[in-house]
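For reference, the structure is listed below as structure tokens.
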Amino acid sequence: MRSTPLPASLLAPGASLERLATGAEWSEGPVWLPHTKRVRWSDIPNDRILEWDEATGELSVFRTRAEFPNGRALDLEGRVVQCSHGRRAIEREAADGPLVLTDRWEGGRYNSPNDVTVAPDGSLWFTDPPYGLHPSGREGRPGVQEYGGCFVFRWDPATREARPVITDLVHPNGIAFSPDGLRLYVSDTGFYGDRPDARHIQVYPVDGVRTGPGSYFAAPPVGASDGLTVDREGRVWTSAGDGVYVYEPDATLVGHLPVPERVSNVTFGGRNGDELFITASTSLYRIRTTTASPRR
Ligand code: MG
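Here you go:
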């Protein structure tokens, strides 16, 4: 099936897909660090965190034996918050290493937090599928589910407590808010388990600390939506098997950007917030766009 390419109006003049770095095994969790002008991401099976430096183009290892981190984001103060499969936690980077913010809900420890986003009020919303518990230990520490589900949680930095906000997805994975914070997009990758029907993005209305009933938003034609992000006009940019798919806020498919490796996640960054960084299997890619991150 051939998909419509991304319209030229969404890409910077002369933009093409660039491979910035390679040598990972399975790349995930990209975030742009404005202070150092680097992209940080996870190489999950090798249990390490990598960085690409915009100024030099060099790849470096930020941390080894990192406890299998996955998705990450910047909080409202610009600090890196990330999901840890190994610690089954949401943690925040600090000068002397990661600090666990939350690793359990009243029913038990989390499964293996996968991706995290920050709400306008500073709360952290994260997904908790079981991938890091797999007996192979390839992406975490083998273990069992403790609270009996795969939920989306909201962690409140004021109370330091987490509460489930979404409980009706099979394996919630990518997560992002609309620019006004009134809609929450969450992808479901139950498709990779025994639920072929669960390979779509669900959208939920958000009322401060809770969500209303979710509804089907879209499903990319190939693979399943994993990590996703939203631009300042509210379009949804999602990973899928063979590239990146872009949807208008009304779910109209805008187009497809082919990527030569299986894509896991996307994020906007760069000095002007208009560069789309793409983690795909062994590599980090970039394409320059005419839109940008909503958080400027
Ligand atoms: Mg993910």
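Heads up: the sequence shown begins at 12 in the working numbering, then just goes up one per residue.
Cβ coordinates follow ideal geometry from the N, Cα and C atoms, glycine included.
Tell whether a beta-carbon distance below 9 Å holds between residue i and residue j.
i	j	result
G151	G119	no
H9	A235	With the chain covering 12 to 307 only, the question about residue 9 has no answer from this structure.
V217	F188	yes
L44	V92	no
P141	C161	yes
R59	R74	yes
R83	S53	yes
T290	S275	yes
R273	L287	no
A169	T113	no
E157	R115	yes
L87	V129	yes
G185	D126	yes
Return helix, strand or coil for residue i, following the three-state DSSP convention.
i	result
S294	strand
Y196	strand
S20	helix
F73	strand
G82	strand
F162	coil
L180	coil
G143	helix
Bridge partners of residue i, per DSSP?
i	result
C94	I101
E29	R297
Q213	V197, Y227
T249	L239, Y256
S123	Its beta-bridge partners do not exist; DSSP assigns none.
D54	S38, R59
P175	F164
G118	The partner list for G118 (beta bridge, DSSP) is empty, contrary to what the question assumes.
Exposed or buried, residue i, counting other C-beta atoms within 10 Å across all chains shown (16 or more means buried)?
i	result
L195	buried
P124	buried
T47	exposed
Y258	buried
V277	buried
S226	exposed
D132	exposed
N283	exposed
D285	buried
P330	For residue 330 there is no data in the structure shown, the boundaries of the chain being 12 and 307.
D139	buried
A229	buried
T200	buried
| Just the residues with CB closer than 7 Å to a heavy atom of ligand 1, in chain order, which are they? | Chain-ordered, the residues whose CB falls short of 7 Å from any heavy atom of ligand 1 come out as E39, N81, G82, N125, D126, N184, G185, D237, G238, S275, N276.
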